[in-house]
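There are 2 protein chains.
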Amino acid sequence: MQTISTAEENYLKAIFTISEKEGKAAATNAIATALSTTAASVTDMLKRLAEKNLIAYEKYRGVLLTPAGERLATFLIRKHRLWEVFLVEKLGFSWDEVHDLAEQLEHIHGDALVERLDDFLGRPRFDPHGDPIPDAEGRWTYRSQLLLGALDAGKRGVITGVEDHSPAFLQYLDHMGLVLGAGITVLERFAYDQSLRVRADDGTERVLSEKVSQNLYVKPTV
Amino acid sequence: MQTISTAEENYLKAIFTISEKEGKAAATNAIATALSTTAASVTDMLKRLAEKNLIAYEKYRGVLLTPAGERLATFLIRKHRLWEVFLVEKLGFSWDEVHDLAEQLEHIHGDALVERLDDFLGRPRFDPHGDPIPDAEGRWTYRSQLLLGALDAGKRGVITGVEDHSPAFLQYLDHMGLVLGAGITVLERFAYDQSLRVRADDGTERVLSEKVSQNLYVKPTV
DNA sequence: ATATTTTTTTAGGTAAACCAAAATTATTTT
DNA sequence: AAAATAATTTTGGTTTACCTAAAAAAATAT
Numbered sequence: 013m014q015t016i017s018t019a020e021e022n023y024l025k026a027i028f029t030i031s032e033k034e035g036k037a038a039a040t041n042a043i044a045t046a047l048s049t050t051a052a053s054v055t056d057m058l059k060r061l062a063e064k065n066l067i068a069y070e071k072y073r074g075v076l077l078t079p080a081g082e083r084l085a086t087f088l089i090r091k092h093r094l095w096e097v098f099l100v101e102k103l104g105f106s107w108d109e110v111h112d113l114a115e116q117l118e119h120i121h122g123d124a125l126v127e128r129l130d131d132f133l134g135r136p137r138f139d140p141h142g143d144p145i146p147d148a149e150g151r152w153t154y155r156s157q158l159l160l161g162a163l164d165a166g167k168r169g170v171i172t173g174v175e176d177h178s179p180a181f182l183q184y185l186d187h188m189g190l191v192l193g194a195g196i197t198v199l200e201r202f203a204y205d206q207s208l209r210v211r212a213d214d215g216t217e218r219v220l221s222e223k224v225s226q227n228l229y230v231k232p233t234v
Numbered sequence: 013m014q015t016i017s018t019a020e021e022n023y024l025k026a027i028f029t030i031s032e033k034e035g036k037a038a039a040t041n042a043i044a045t046a047l048s049t050t051a052a053s054v055t056d057m058l059k060r061l062a063e064k065n066l067i068a069y070e071k072y073r074g075v076l077l078t079p080a081g082e083r084l085a086t087f088l089i090r091k092h093r094l095w096e097v098f099l100v101e102k103l104g105f106s107w108d109e110v111h112d113l114a115e116q117l118e119h120i121h122g123d124a125l126v127e128r129l130d131d132f133l134g135r136p137r138f139d140p141h142g143d144p145i146p147d148a149e150g151r152w153t154y155r156s157q158l159l160l161g162a163l164d165a166g167k168r169g170v171i172t173g174v175e176d177h178s179p180a181f182l183q184y185l186d187h188m189g190l191v192l193g194a195g196i197t198v199l200e201r202f203a204y205d206q207s208l209r210v211r212a213d214d215g216t217e218r219v220l221s222e223k224v225s226q227n228l229y230v231k232p233t234v
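Sequence lines, in order, name chains H and L. Start counting the first sequence at 13; every next residue gets the next number (the working numbering). Start counting the second sequence at 13; every next residue gets the next number (the working numbering).
Shown next as structure tokens:
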């Protein structure tokens, strides 16, 4: 069984994320940007990953993960998100503090560790940002959610996740009481700047910018 | 602030352990053996660690840690042992399974993580093998313990730790019911092979070899 | 005190993971 | 369809952390 380095794991995760979002092969430059490295370094690594049959790579055509590569990437995301749950639920970190630590912890190797951690945490299906956690077989939980910006006036939804994971956005949400699970009703949409007047379940009313409404996911309630 | 690689951290820990046990500067060969590498590689690394002022190195004279190096080594041991407590107390691993995982986890960087983990675990002073855990300021807890082999016939002690940390020994102890905190009374010492006849607090009597009695620590009870 | 053995260092080399600059290929514009 | 631009790869280099074999120093034996 071949071993995979931390650097290789980071490439697999980046390729997974980019090709998933773009719906096509990940470009060298996109990977370089995601990993804060140069295109030359990426080409270097792609050759090695192709050699290990973790990616399907054709020069100048971008890359896709092979089933083996996708399995590894999925498992890395599983580990990252389980550790995030641990950091928030057990150690008391806030959701804007856990990314860098989880980025390190996801590279710890040990199948038994992951499964025991999962049990210890009560087999959570979503991480502290509302992102789904693949199960031990790599299966994803799908959930019907839409951006708050897509919710019609008069409709209510429950906050289920974020698109922007930056600490600045997460801290803003904390400040506004917009936490996962909170109910929110769209009262009015201002055509001028696409801002929304919303009401929390406790009756508090606020105006949220388009930028906020485009980065917050809600599940509509009936 | 300079960064320290995982390889460098492993050298610091090895130097700490060897120089502490031997009571003198750690020899190149001893470090090579401890890290399963070659003397040439060790010399290589010693130059780099000396450059970073983490060790006091004189060619052909062995190495000692500087205060900065000792601080780092102590903190690594703190992290290693806290993670071992987590793995045993929270995730349900047994004491013979946790070393390799803790060996990875000790290299996770994050002061807040360590302090929160320490709190979460109830600020334990000893790890699952009875080894002391340095506190956040790097202070060690000392404990009066001696090898079971040094306990006179007729005396009773409580098991406080192990010298040999190998899974084989730990599993043997489990099998014999010789867990941390268990009481044990030496009934008789056989001069021929230095084996001991002992009695557990539940009345069970056993004979333990010299090898066992030289690898098990007890705290004498009055 | 010299010879032998052991330990340590040096010399020269490797692979992984990065880089800048130059060359090549693909894409877009005209 | 050519020219210009953008994306990608190649070339030649770096550092880290290893290695083997040879040389040098220290320790031990005679």
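Where a beta carbon is used, it is the ideal one built from N, C-alpha and C, also for glycine. On a predicted model such as this, the values are computed, not experimentally measured, just so you know.
Contact annotation: Arg-218 of chain L and Met-188 of chain L have beta-carbon atoms nearer than 8 Å. Taking a beta-carbon distance threshold of 8 Å, Gly-134 of chain H does not count as an interface residue toward chain L.
Take the alpha-carbon of Arg-128 of chain H and the one of Leu-103 of chain L: they are about 6 Å apart. Using a CB distance below 7 Å, the part of the stretch 123 to 147 of chain L facing chain H consists of Leu-125, Arg-128, Leu-129 and Phe-132, ordered along the chain.
Any Cβ of chain L closer than 8 Å to the Cβ of Ile-120 of chain H would place that residue at the interface, and such an atom is present. With respect to chain L, the C-beta atom of Gln-116 of chain H has a partner C-beta closer than 8 Å. Leu-158 of chain L is classed as exposed because its beta carbon has fewer than 16 other beta carbons within 10 Å across all chains shown. The three-state secondary structure of Gly-35 of chain H, taken from DSSP, is coil.
At a cut-off of 8 Å between beta-carbon atoms, Leu-158 of chain H makes no contact with chain L. Here Ile-43 of chain L really is in contact with Ala-26 of chain L; their C-beta atoms are around 5 Å apart, less than 8 Å. Against chain L, the CB of Lys-102 of chain H has a partner CB under 8 Å away; the residue lies at that interface. Chain L has a Cβ within less than 8 Å of the Cβ of Leu-113 of chain H. Collapsing the DSSP output to three states places Glu-217 of chain H in a strand.
With a 10 Å radius around the Cβ and a threshold of 16 neighbouring Cβ atoms, Gly-35 of chain L comes out exposed. Using a Cβ distance threshold of 8 Å, Gly-173 of chain H and Gly-193 of chain H do not count as a contacting pair. Counting other Cβ atoms within 10 Å of its Cβ, Val-75 of chain L reaches 16 or more and is therefore classed as buried. For Glu-115 of chain H, the three-state secondary structure derived from DSSP is helix. With fewer than three CB-CB distances shorter than 8 Å, the stretch 204 to 213 of chain L does not count as touching the stretch 177 to 187 of chain L. In the structure shown, Phe-87 of chain H adopts helical secondary structure according to DSSP, grouped into three states.
If you look at Leu-76 of chain H, you'll find it in the beta strand (DSSP E) that goes 75 to 77. Taking a contact as a CB-CB distance under 8 Å, the pair Leu-66 of chain L and Leu-24 of chain L counts as one, their CB atoms being some 6 Å apart. For the options L:Leu-94, L:Asp-123, L:Ile-120 and L:Thr-153, the alpha carbon positioned closest to that of Val-110 of chain L is the one of L:Leu-94.
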